[in-house]
Ligand SMILES: [Zn+2]
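Numbering (the UniProt record's numbering), first residue to last: 1 to 343.
Printed below as a string of structure tokens:
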């Protein structure tokens with residue numbers, strides 16, 4: 001069974017498949033309610049309202065990404081999600097530099113990837129995924145906030161229609177044009193990725209911001225293959241590739257407990273967000289935007305804005321691996337370390 005077939009043979013409840021009319025009526029009602037709730041002073045309630053209760057399991061290693069486009073149209077994946085109150089550890093979040101707490105107990109993150117475990121690139125209709133062979137501990141991360149070692153399953157990106165936005169996480173409300181997610185699962189506690197994705201401490205995702213700057217030579221190897229996966233469901237072999245080349249040189253990171261940013265939105269993720277972005281040039285990002293959400297033969301829809309809106313931090317703490325001016329919300333004396341400068 002191909003990866004694409006795996007995705008579309010997922011367990012969709014019969015009640016969902018046979019309830020098209022009901023569903024459309026529900027969506028009209030939801031749209032009306034959305035307008036009311038988005039009016040101030042109901043915004044806090046609206047944010048709660050966005051968090052889903054029931055979750056649709058899909059045997060896909062992305063639990064794909066797009067919530068809705070900037071023009072308000074829901075992406076197909078999100079249409080099946082009940083928009084009612086649910087979890088309190090959702091992602092992505094805005095990382096507030098001064099509210100993050102330096103934890104000297106956080107160890108450096110150790111990354112060890114075997115380039116030969118790289119399998120293929122495929123367009124699943126929401127992003128493009130680079131998937132890895134994960135039957136053994138060949139490509140793993142450990143250390144940092146993690147108790148166990150975690151195996152690399154796949155990486156993918158989120159990006160905007162323009163350079164002004166696109167990342168899922170933000171830092172002091174600053175958006176980056178794109179964000180890389182390297183998704184790993186806990187093979188000590190779980191038998192497979194699908195089980196791990198639904199349970200606490202099941203996943204560890206490294207987030208790396210992409211900012212506009214110099215041409216990224218290693219990323220170009222991936223960019224060059226994108227025309228081969230232009231349409232949804234296209235898959236192409238990708239030979240040997242080491243995603244460490246997409247990692248910034250600075251070891252500093254923030255970490256917090258959160259969720260998948262796509263259905264089923266399980267609160268199973270230890271997020272590790274790298275402080276330093278990597279640089280890519282405008283043309284490379286433009287190549288991401290030539291991909292399509294749609295299959296061959298369908299009316300073309302550009303793959304852009306495939307990110308979930310920010311979720312409230314609520315009762316969580318974001319820890320930093322690096323000292324900075326703010327410790328428990330109290331401003332300390334300035335130091336000379338470069339790590340104090342926001343990215
Ligand atoms: Zn992602």
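We put the CB at the ideal spot given by N, CA and C, even for glycine.
Buried or exposed: which applies to residue i, given that a residue is buried once 16 or more other Cβ atoms fall within 10 Å of its Cβ?
| i | result |
| --- | --- |
| residue 290 | exposed |
| residue 324 | buried |
| residue 148 | exposed |
| residue 39 | In this predicted model, residue 39 has a pLDDT of only 36, less than 50, meaning its place in the structure is not dependable enough to derive any value. |
| residue 299 | exposed |
| residue 306 | buried |
| residue 143 | exposed |
| residue 166 | buried |
| residue 283 | exposed |
| residue 218 | exposed |
| residue 239 | exposed |
Just list the residues that DSSP pairs residue i with in beta bridges.
| i | result |
| --- | --- |
| residue 118 | 132 |
| residue 203 | 185, 269 |
| residue 179 | 158, 209 |
| residue 255 | 272, 319 |
| residue 279 | 211 |
| residue 237 | 120 |
| residue 150 | 141, 186 |
| residue 171 | 95, 174 |
| residue 110 | 142 |
| residue 102 | 320 |
| residue 292 | 302 |
Comparing C-alpha positions only, which one of the options sits nearest to residue i?
| i | options | result |
| --- | --- | --- |
| residue 280 | 223, 215, 262 | 215 |
| residue 104 | 276, 285, 145 | 145 |
| residue 251 | 220, 162, 207 | 207 |
| residue 107 | 272, 180, 308 | 272 |
| residue 176 | 188, 162, 189 | 162 |
| residue 260 | 297, 119, 132, 310 | 310 |
| residue 241 | 90, 262, 131, 101 | 131 |
| residue 248 | 127, 179, 301 | 179 |
| residue 313 | 170, 232, 229 | 170 |
| residue 232 | 244, 296, 91 | 296 |
Assess, as a yes-or-no matter, whether the region 102–120 is touched by the region 136–143 under the definition of 3 or more beta carbon pairs within less than 8 Å. yes
Would the region 266–277 count as touching the region 194–206 if we require 3 or more Cβ pairs under 8 Å? Look at the beta carbons and you see the region 266–277 touching the region 194–206: at least three pairs across the two are nearer than 8 Å.
Does the count of Cβ pairs from the region 178–187 and the region 149–162 closer than 8 Å reach three? yes
Measuring CB atoms only, is the region 96–103 touching the region 118–131, in the sense that at least three cross pairs come out at less than 8 Å? no
Sufficient close CB pairs (3 or more, under 8 Å) joining the region 237–256 to the region 302–322: yes
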